[in-house]
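Take a look at the structure set out below.
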């Protein structure tokens, strides 16, 4: 029987914890520090990564206890997916929420967690840890690539 994968037949609300967690493609883009303009609400990505982001794997180095070390870490929930406008355009949670399919490089499609990096979608090799900069200099690290990664992929579809 050729059954559709869970992300094509379930909504985010219907997914169990294991399915939910597997939607993360491991790009690390959500773990980049962002700046928000108070008056406009515009959000800008920086190339400065959370101190817990492992720059090689693009995964949190202490995922289960991350909020103990980073109290303002945004915990992505099923309800928040619709509210968080800064989710990268290639984010699996965002794609499924919008009724779109995952890209070929997503680990659930490719079967390999390295394809997100091989496709150039992740933060691997593009960041500096927040422990290495003065927080007052954060605006010097504003970048647009987290919102443009995958543009070539969208053109292929």
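Numbering (the numbering used here), first residue to last: 3 to 159.
C-beta atoms are modelled at their ideal positions from N, C-alpha and C, and glycine is treated no differently.
In terms of residues, what are the limits of the alpha helix (DSSP H) holding residue i?
i           : result
residue 150 : 147 to 150
residue 5   : No alpha helix (DSSP H) holds residue 5; DSSP gives it neither H nor E.
residue 24  : 19 to 24
Could you spell out where the beta strand (DSSP E) holding residue i opens and where it closes?
i          : result
residue 34 : 34 to 38
residue 46 : 45 to 51
For residue i, write down the residues that DSSP places opposite it in a beta bridge.
i           : result
residue 56  : 61
residue 131 : 51
Quick one: is the Cβ of residue i within less than 7 Å of any heavy atom of the ligand NAP?
i          : result
residue 62 : Among the components of this structure there are no ligands whatsoever, and the ligand NAP is therefore not found.
Considering only C-alpha positions, which residue in the set the options is nearest to residue i?
i           : options               : result
residue 64  : 115, 33 and 90        : 33
residue 14  : 6, 25 and 120         : 25
residue 1   : 145, 17 and 55        : Here the chain covers residues 3 to 159 and nothing more, so residue 1 does not appear.
residue 18  : 80, 36, 147 and 6     : 80
residue 37  : 144, 149, 150 and 101 : 144
residue 119 : 142, 60, 84 and 101   : 60
residue 146 : 123, 136 and 131      : 123
Less than 8 Å between the beta carbons of residue i and residue j, yes or no?
i           : j           : result
residue 133 : residue 67  : no
residue 30  : residue 91  : no
residue 47  : residue 149 : yes
residue 127 : residue 108 : no
residue 99  : residue 111 : no
residue 129 : residue 49  : yes
residue 51  : residue 125 : yes
> What are the start and end residues of each continuous alpha helix (DSSP H) run of 4 or more residues lying completely inside the stretch 57 to 125, in chain order?
Replying inline: 68 to 71, 82 to 85, 94 to 99, 109 to 112 and 117 to 120
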